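In full-length UniProt numbering, the protein residues as written are 1 to 907.
Below is one structure; the comments refer to it alone.
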Amino acid sequence: MTEGNSHSASRCFFFGAKMAVTVACRPGCVLQRTFSWPNAGFPRPTSSRTCRGPLFLISIERYAKDLGFGIYFPEAIHASDNLYDATVSDGDCKLRVTIHPSLNPLVERNELRCGCQLKNVTFSHISELEDRNEGDGCPTYRLVNLEVDVEAGCDAGLDKFCGIDLDTMPWFGLEEANRPSLLPLRARRSSYLPMWNNQDYYGDMWRDTAPVHPRANSESDSGAVPEDVQPTVTLEDVRRAFLCRSRAIRGILIVRVLHKSRLFYYGKAERNCECPYKAILEVADRSGQVTVVLWNTLCMDWYRSVHPGSTLRLARYRVKESYNSRMGEKEEDNIEISLNSRNPSADISIIPKMDVLPQWHLPHTPYTFHCGKEILSCLLGSTFDIIGVVVFVGRAERTRNKDSQGAELCEYRWLRLDDGTTDQPIMVKLFSTSQPEVHSNIHPLSVLVCTDVQLLGVTPDRATSFQYLTNTSLTQVYCTGSGHHSAMPYRRLHPVRRFIQWLQTVDESRALGRAVIGGFFTYPPLPVSLEKYMRNRNAHFIESSQLRQGCQSRQLLHSSGTETPLAPRPIFRSPGAARRSTEPGLVSGGQLRREAEKLQYRERRTFAIQATVTAVSHVRAGEEEGSALTDWTTQSTPTSGAPAARPSPPISITLSPRSPRLRVRQGQLGCGRSPKRRLFCSAETPRKRPALPLHSTQQTDAEGDSERDFSLWDASMEFLDKNEEEDESDEEDSGSSVSFATVPTSPVSPHGSQLGLARAARETFPRRFCAQRRAVQTAAVGLQPGCLQETLPRGKLDTFVTADCYDGHYTLILRALTDSVMIDALFLPGSPGNLHWCPYPHPHNNSWEAILSHGSFSPSSPPPAPSDLIAMAMQLTSQRLVCVLEVCQLGGGRLEVVLIRAFPLRD
Numbered sequence: 001m002t003e004g005n006s007h008s009a010s011r012c013f014f015f016g017a018k019m020a021v022t023v024a025c026r027p028g029c030v031l032q033r034t035f036s037w038p039n040a041g042f043p044r045p046t047s048s049r050t051c052r053g054p055l056f057l058i059s060i061e062r063y064a065k066d067l068g069f070g071i072y073f074p075e076a077i078h079a080s081d082n083l084y085d086a087t088v089s090d091g092d093c094k095l096r097v098t099i100h101p102s103l104n105p106l107v108e109r110n111e112l113r114c115g116c117q118l119k120n121v122t123f124s125h126i127s128e129l130e131d132r133n134e135g136d137g138c139p140t141y142r143l144v145n146l147e148v149d150v151e152a153g154c155d156a157g158l159d160k161f162c163g164i165d166l167d168t169m170p171w172f173g174l175e176e177a178n179r180p181s182l183l184p185l186r187a188r189r190s191s192y193l194p195m196w197n198n199q200d201y202y203g204d205m206w207r208d209t210a211p212v213h214p215r216a217n218s219e220s221d222s223g224a225v226p227e228d229v230q231p232t233v234t235l236e237d238v239r240r241a242f243l244c245r246s247r248a249i250r251g252i253l254i255v256r257v258l259h260k261s262r263l264f265y266y267g268k269a270e271r272n273c274e275c276p277y278k279a280i281l282e283v284a285d286r287s288g289q290v291t292v293v294l295w296n297t298l299c300m301d302w303y304r305s306v307h308p309g310s311t312l313r314l315a316r317y318r319v320k321e322s323y324n325s326r327m328g329e330k331e332e333d334n335i336e337i338s339l340n341s342r343n344p345s346a347d348i349s350i351i352p353k354m355d356v357l358p359q360w361h362l363p364h365t366p367y368t369f370h371c372g373k374e375i376l377s378c379l380l381g382s383t384f385d386i387i388g389v390v391v392f393v394g395r396a397e398r399t400r401n402k403d404s405q406g407a408e409l410c411e412y413r414w415l416r417l418d419d420g421t422t423d424q425p426i427m428v429k430l431f432s433t434s435q436p437e438v439h440s441n442i443h444p445l446s447v448l449v450c451t452d453v454q455l456l457g458v459t460p461d462r463a464t465s466f467q468y469l470t471n472t473s474l475t476q477v478y479c480t481g482s483g484h485h486s487a488m489p490y491r492r493l494h495p496v497r498r499f500i501q502w503l504q505t506v507d508e509s510r511a512l513g514r515a516v517i518g519g520f521f522t523y524p525p526l527p528v529s530l531e532k533y534m535r536n537r538n539a540h541f542i543e544s545s546q547l548r549q550g551c552q553s554r555q556l557l558h559s560s561g562t563e564t565p566l567a568p569r570p571i572f573r574s575p576g577a578a579r580r581s582t583e584p585g586l587v588s589g590g591q592l593r594r595e596a597e598k599l600q601y602r603e604r605r606t607f608a609i610q611a612t613v614t615a616v617s618h619v620r621a622g623e624e625e626g627s628a629l630t631d632w633t634t635q636s637t638p639t640s641g642a643p644a645a646r647p648s649p650p651i652s653i654t655l656s657p658r659s660p661r662l663r664v665r666q667g668q669l670g671c672g673r674s675p676k677r678r679l680f681c682s683a684e685t686p687r688k689r690p691a692l693p694l695h696s697t698q699q700t701d702a703e704g705d706s707e708r709d710f711s712l713w714d715a716s717m718e719f720l721d722k723n724e725e726e727d728e729s730d731e732e733d734s735g736s737s738v739s740f741a742t743v744p745t746s747p748v749s750p751h752g753s754q755l756g757l758a759r760a761a762r763e764t765f766p767r768r769f770c771a772q773r774r775a776v777q778t779a780a781v782g783l784q785p786g787c788l789q790e791t792l793p794r795g796k797l798d799t800f801v802t803a804d805c806y807d808g809h810y811t812l813i814l815r816a817l818t819d820s821v822m823i824d825a826l827f828l829p830g831s832p833g834n835l836h837w838c839p840y841p842h843p844h845n846n847s848w849e850a851i852l853s854h855g856s857f858s859p860s861s862p863p864p865a866p867s868d869l870i871a872m873a874m875q876l877t878s879q880r881l882v883c884v885l886e887v888c889q890l891g892g893g894r895l896e897v898v899l900i901r902a903f904p905l906r907d
């Protein structure tokens, strides 16, 4: 940064003067040159303006369009349902703009991302009639055209604003002390949406503490009985009065929250609801159980402060027939209680624990913990709670949920837990639970509690089955570091205490050696034959349909009208439960290309295609960025557009016996430090930094000193550090010895018409967990943030060591049989002893056909060396295959294609 720009923020201040006038005296301001206004009266230009100088994108925020969309963008009626507001800066000041919907694909593919440098940016003026931000005086514009300056690099914004506090940078067109409105610019919405899903909350308007003053009575409540003279009633009293169709009962309810759902966002382009949210609470008192629905702005006020176990005082509520009763899905009539911000304005308060009276006889929060051994014998569809230590956290991905409400992208991650009761992994496909702060703290070696998870599974053949857990809509997660464990009632339960006792005996060095984060992961494994794959696919569709109908019929609970027992646990459909049933059948190469072009950032889909293999190569771990080790190309004459055979480089190979056990790289465990008990120092958190950090290699060296020490022992103590007396009363050296001469390769396929990457992207291979820098590592494998302050350098992920389970990958170049489209598909076979990519449990002869159909090497013998396997690749010549591909859009135009199965086609 030049000396002139280093003081740019301070030079923008001119007390008592308009910002436009202040900036006009400074010819270096790019925005001022673009919007050169003739006087201080701010007569706005009537035509579009193009900014030739560099601008930087420092924030981007998403919201749903409403009925006013056609006024702002009459030529974009058929665009997506999302709108994006952005903040751009020239280094001197900031300007809020709305991105034209025609540019949405750039945002949705993460090509237009925070930190990128823009050029040739064209702005269109917003007229007075269109401007909804009355009173703030900030000029607003549409951004209708732009170019992302690829040559400047992905970290241009981080370099430009290194060490600068963006919050103190002035806004263009405003006086120094003023700020523009922080609400959406082109729709009447009360808040922005999260960047990549609709299930989380986002923004400071979502209160993290309960409102101090009760909500004032609305005009419609003027005739209501004063609250201090209203009696306390039970849920059964309310239910009986409603069913008798008598005058609405008025009284105060004292209830305990048993379950809390995730947020439901129902905003649509054809609706003008400013806060289209609802949340479901399952509550109970001594007389029964009922559903409470929080609507609209009450979600923003209360959702974050109400938790399972909270005691609520409710007044001015509405009673109506429950959803299931209206749908005719229950023989017994039932009710639900609606809490609204008006007509009437609900009165809600949280009763502190010390003020809860024993004579209320409120039920305890129900928990049903199952350990890993017990899960193996549970029926599919069962719902229960689990606790375990995290040993693997996958990268964040998105899948499209298609149902009667349309298509929606849902964010999820794979987790692997261990509780010491079984050798079988506890696999969890965790979707959003509207707890973004908790999810951001989930990392290996953290203790995780998941409530109300549902057991799913597949049976590829009669002798093999795979189980995993996933969300219901009532799932809540509690993680080490979030401060929940010590306050939650489950810590008193025997299954939890038994787990904590086991946790305190775990060898942390061994646990650290197994901890893995990020990278490609797929589960459960597919069958090993084409016939079984197609049969399993059809069976899964039928099972998903039946499960979906069953889950929808049990969405809302009814109170029984008696003191005990409480109603059984509710089951909600998982956001991605029906994903496989919506995947297409066999596709052509052209169809695959078209579907791949529709994928949004980190969206993942499964496709099946008929193809032949034209070339095979292997890339060793640590050389993904530059070198292919060996390759083989079919001898058949390439068709037009097919890759030409590359000359094999001279190879010098020294092979040592391959150990079937998980290999550990000596001297690199824990990022260069020997693991020691209670000596885990961690990194800086990238959340809401007041100023961008220095962008240099020195930052990495200092990352291990900013957080407190942490260990599994400390994690276990979170369950024991409050009122413990009260609780007792309640109950081969992976340094490869294979040496190859290498040839340079491109990071992307050298053939412009091919799909996929010629080598694995940095997001593809897993990393060894680094406890000293866990916060940064967790953020590095996450999704792209929406503001520059939370953005990490693009290469930050490369500062973490590759996991020991990854020792390289194969790349197979596929040619579609239907239209000869070429595909670069990565192949990551499981191997014996690999605890991350486990081999399929059926032995085979390690031929190419067997390896591709099983997706792994044989579990009963050491895998062949890459050079030997390449030498055997002639087995694939002219072999017609049905290839199952996992396709994921990694952002920035990078398409990851991973081959997980290839079944031979028989005549």
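All residues carry an ideal CB built from backbone N, CA and C; glycine is no exception.
These figures come from a predicted structure and were not determined experimentally.
Exposed or buried, L812, counting other C-beta atoms within 10 Å across all chains shown (16 or more means buried)? Looking up residue 812 in the sequence shown gives position 812. Its Cβ being crowded by 16 or more others within 10 Å, L812 is buried.
Could you tell me whether the segment 382-400 touches the segment 443-450, where touching means 3 or more Cβ pairs closer than 8 Å? yes
How many Å lie between S878 and I280 at the Cα? The sequence position of residue 878 within the sequence shown is 878, counting from 1. The sequence position of residue 280 within the sequence shown is 280, counting from 1. S878 and I280 have their C-alpha atoms roughly 57 Å apart.
Beta-carbon proximity check, P839 vs G830, cutoff 8 Å: Residue mapping note: residue 839 aligns to position 839 of the sequence shown, counting from 1. Residue mapping note: residue 830 aligns to position 830 of the sequence shown, counting from 1. Yes, they are a contact pair.
Hey, out of L797, R142 and W302, whose CA is closest to T126's CA? Working through the sequence shown from its first residue, we reach residue 126 at position 126. Strictly speaking, residue 126 in this sequence is Ile, with Thr absent from that position. For the residues L797, R142 and W302, the minimum Cα distance to I126 belongs to R142.
Please check the pair C114 and C787, which I expect to be a contact at CB under 8 Å, by giving their CB distance rounded to whole angstroms. As a first step, residue 114 must be located in the sequence shown, where it is residue number 114. As a first step, residue 787 must be located in the sequence shown, where it is residue number 787. Contact holds; Cβ gap of about 6 Å.
I58, DSSP secondary structure in three states: Your numbering for residue 58 matches position 58 in the sequence shown. In this structure, I58 counts as strand in the three-state DSSP scheme.
Which same chain residues end up closer than 8 Å to residue 920 when comparing Cβ atoms and leaving out the 5 residues on each side of it in sequence? Given that the chain is displayed from residue 1 to residue 907, the structure contains no residue 920 and the question cannot be resolved.
Going by beta carbon distance, what residues of the same chain come within less than 8 Å of G135, once the five residues before and after it are set aside? Within the sequence shown, numbered from 1, the residue matching residue 135 stands at position 135. At G135, the pLDDT of 48 sits below 50, so the modelled position is not reliable; the number obtained from the coordinates is stated separately. Excluding positions up to five away in sequence, the list is empty.
Taking I350 as the reference, which of A86, Y303 and Y523 has the closest Cα? Stepping through the sequence shown from its first residue, residue 350 is reached at position 350. If we check each option's Cα against that of I350, Y303 comes out closest.
Going by alpha carbons, who is nearest to F607 out of V613, A615 and E595? Counting from 1 along the sequence shown, the entry for residue 607 is found at position 607. Checking every option, the nearest Cα to that of F607 belongs to E595.
Nearest-angstrom Cα distance between V821 and T612? On the sequence shown, residue 821 is found 821 positions in, with the first residue counted as 1. On the sequence shown, residue 612 is found 612 positions in, with the first residue counted as 1. The straight-line gap from Cα to Cα measures roughly 11 Å.
Flag this pair as yes or no: are the beta carbons of T50 and N120 separated by less than 8 Å? Walking along the sequence shown from the start, residue 50 turns up at place 50. Walking along the sequence shown from the start, residue 120 turns up at place 120. A contact, by the Cβ cut-off of 8 Å.
Pick from K160, A284, F172 and L103: whose alpha carbon is nearest that of residue 936? The structure shown does not extend to residue 936, since the chain spans only 1 to 907, so no value can be given for it.
With a threshold of 16 other CB atoms inside 10 Å of the CB of T505, please say whether the residue is buried or exposed. In the sequence shown, the residue the question calls residue 505 occupies position 505. Under this definition T505 is an exposed residue.
Close-in-space but distant-in-sequence residues of the same chain around P864 (CB under 7 Å, 5 per side omitted): As a first step, residue 864 must be located in the sequence shown, where it is residue number 864. For P864, where only same-chain residues beyond five positions count, the Cβ hits under 7 Å are N846.
Could you name the residues that DSSP lists as bridge partners for C275? Here residue 275 is taken as the residue at index 275 of the sequence shown, counted from 1. Paired residue(s): none; C275 is not in a bridge.
S473, buried or exposed, once every other Cβ within 10 Å from all chains shown has been counted against 16: Within the sequence shown, residue 473 is the residue found at index 473, counting from 1. Buried is the call here.
How about R602 and G891: are their beta carbons less than 8 Å apart? The residue given as residue 602 occupies position 602 in the sequence shown. The residue given as residue 891 occupies position 891 in the sequence shown. Against a cut-off of 8 Å, the Cβ pair of G891 and R602 comes out as a contact.
For V390 and L415, what's the separation of their Cα atoms in angstroms? Within the sequence shown, residue 390 is the residue found at index 390, counting from 1. Within the sequence shown, residue 415 is the residue found at index 415, counting from 1. Straight-line Cα distance between these residues: approximately 7 Å.
Use the C-beta contact count for H364: other C-beta atoms within 10 angstroms, 16 or more gives buried, fewer gives exposed. Indexing the sequence shown from 1 puts residue 364 at position 364. Classification of H364: exposed, given that the 10 Å Cβ count is below 16.
Enclosing alpha helix (DSSP H) for T34 [first to last residue]: Mapped onto the sequence shown, residue 34 falls at position 34. Secondary structure note for T34: its alpha helix (DSSP H) is the uninterrupted segment V30 to T34.
Close beta carbons around N110, own chain, < 7 Å, minus the five adjacent residues each side: The residue you call residue 110 lines up with position 110 of the sequence shown. Answer for N110: Y601, Q784, G891 and G892, listed in chain order.
With a threshold of 8 Å on Cβ separation, who are the neighbours of A780 within its own chain once the five nearest residues in sequence on each side are excluded? Start at 1 with the first residue of the sequence shown, and residue 780 comes out as number 780. Only G518, L792, K796, L797 and F800 meet the Cβ criterion.
Locate the beta strand (DSSP E) running through I823, then write down its first and last residues. Within the sequence shown, numbered from 1, the residue matching residue 823 stands at position 823. Its beta strand (DSSP E) spans residues M822 to F827.
Assumed close pair L512, L445 - CB separation to whole angstroms, cut-off 8 Å: Here residue 512 corresponds to residue number 512 of the sequence shown, with the count starting at 1. Here residue 445 corresponds to residue number 445 of the sequence shown, with the count starting at 1. So it is a contact: roughly 7 Å between Cβ atoms.
Would you mind giving the Cβ-Cβ distance between R271 and D81, rounded to the nearest angstrom? I have them listed as a contact below 8 Å. The sequence position of residue 271 within the sequence shown is 271, counting from 1. The sequence position of residue 81 within the sequence shown is 81, counting from 1. In fact, because the Cβ distance is near 11 Å, the residues do not count as touching under 8 Å.
Hey, does R342 have any beta-carbon neighbour from chain B nearer than 8 Å? Annotation note: the requested chain B is absent from the structure, which comprises a single protein chain.
With DSSP run on the structure shown, which of helix, strand or coil describes I375? Mapped onto the sequence shown, residue 375 falls at position 375. The answer is helix: DSSP assigns I375 an H, G or I state.
Using the three-state DSSP reduction, which class does T778 fall into: helix, strand or coil? One-based indexing of the sequence shown puts residue 778 at position 778. Helix, per DSSP.
Apart from the five residues just before and just after L263, which ones in its own chain have a Cβ nearer than 7 Å to its Cβ? Counting from 1 along the sequence shown, the entry for residue 263 is found at position 263. Counting only Cβ-Cβ distances below 7 Å, and skipping sequence neighbours, we find Q199, Y201, Y277, A279, C299, Y303 and S434.
When we look at the beta-carbon of T87 and count the other beta-carbons within 10 Å, is it buried (16 or more) or exposed? Here residue 87 corresponds to residue number 87 of the sequence shown, with the count starting at 1. When all chains shown are included, T87 counts as buried.
So, for T421: in the same chain, excluding its five sequence neighbours on each side, which residues have a beta-carbon less than 6 Å away from its beta-carbon? The residue you call residue 421 lines up with position 421 of the sequence shown. Cβ neighbours of T421 beyond the five flanking positions: C371, G372 and K373.
In three-state DSSP terms, what is V884? Here the question's residue 884 lines up with position 884 in the sequence shown. Note: V884 maps to strand in three-state DSSP.
According to DSSP, is A315 part of a helix, a strand, or is it coil? Start at 1 with the first residue of the sequence shown, and residue 315 comes out as number 315. Reduced to three states, the DSSP call for A315 is strand.
What is the DSSP secondary structure of F431, counted as helix, strand or coil? What you label residue 431 is simply residue 431 of the sequence shown in a count that begins at 1. F431 falls in the strand class under three-state DSSP.
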